[in-house]
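Down below is the structure, laid out as structure tokens.
Numbering (the UniProt record's numbering), first residue to last: 1 to 275.
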């Protein structure tokens, strides 16, 4: 179970490593953002080594607020993300689909990403996004689209806050993606229009528990990353309580699938504890 540096905002990347080590997370996903530490390969390496927390994945700077991070060229951002991932031993680069106004990038995105994938062992996992709605109609923000089920991406990141916004069935999406599903952003959401909530799992309406249990039962070997919003936490202690709760939730439901059935002498069917 990995902690995204985005989960400690407005604290910065160094805090994520410290909190991950304290709470017992298995690693960190670095959201490359305006925080200088998240952009600096040497700083990230020192943080990982000092706290003994591996960097499992890199989230490329694909957000509107990171338009200028690592240059303006979207392909350049992906190349830089791949290089940082390779240098740090991270296995995945999380990528958003292009914005529709990035016409040239969008036109070449599927083929270009496949070409980049053929040149590295790092997995480029394209994340499901969501439509923006205005006056009851969908506004296309992404091209070729927000839904990875509609595209031929080799690897996909499934974000359970984004499924809440889009009104998608997260459990069904996980099943349809099959082997292409290699990365999970674990979060929750109620499904407020145009609001990406990223609630602590269990506090919204998404089937977080069911998805985790399905992944465990299917022998999922990818990454599960907690990406939640803790901005409303009054202080560090309250933020850590939220992140500890999320970690306990994930481990509980991942373990719930690792049980065996037995028939008692009385003929009753019961579940034994985790193996």
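For glycine and all other residues, C-beta sits at the position ideal for the given N, C-alpha and C.
For residue 155, the three-state secondary structure derived from DSSP is coil.
With at least 16 other beta carbons inside 10 angstroms of its own, residue 146 counts as buried.
Contact between the stretch 215-222 and the stretch 235-250 is not established, with fewer than three Cβ pairs separated by less than 8 Å. Restricting attention to beta strand (DSSP E) runs no shorter than 3 residues, the stretch 20-64 encloses them at 27-31, 55-59, ordered along the chain. The DSSP-derived three-state label of residue 220 is coil.
By the C-beta density criterion, residue 89 is exposed, having fewer than 16 other C-beta atoms within 10 angstroms. For residue 181, the enclosing beta strand (DSSP E) has its first and last residue at 181-186.
Under DSSP, residue 142 forms a beta bridge with 99. In the structure shown, the three-state DSSP call for residue 134 is strand.
The three-state secondary structure of residue 125, taken from DSSP, is strand. Annotation: the continuous alpha helix (DSSP H) that includes residue 161 extends over 160-166. Residue environment analysis places residue 206 among the buried positions, since at least 16 neighbouring C-beta atoms fall within 10 angstroms of its C-beta. When 63, 125, 169, 34 are compared, the shortest CA-CA separation from residue 12 is found for 34. Residue 61 and residue 96 have their C-alpha atoms spaced approximately 9 Å apart. Where residue 3 is concerned, the enclosing beta strand (DSSP E) starts and stops at 2-4. When DSSP states are grouped into helix, strand and coil, residue 228 belongs to the coil group.
With fewer than 16 other Cβ atoms from the protein chains shown falling within 10 Å of its own Cβ, residue 167 counts as exposed.
The Cβ atoms of residue 245 and residue 200 sit closer than 8 Å to each other. Membership of residue 81 in the alpha helix (DSSP H) is indicated by the continuous run 74-88. Relative to the Cα of residue 185, the nearest Cα in the group 111, 257, 105, 58 belongs to 58. A direct Cα-Cα distance of roughly 24 Å separates residue 114 from residue 162. Of the residues 94, 109, 93, the one whose Cα lies closest to the Cα of residue 100 is 109. For residue 192, the secondary structure class from DSSP, reduced to helix, strand or coil, is coil.
The continuous alpha helix (DSSP H) containing residue 253 extends over residues 236-256. Residue pairing by DSSP places residue 199 opposite 188 in a beta bridge. Here residue 77 is buried: its Cβ has 16 or more other Cβ atoms, across all protein chains shown, within 10 Å.
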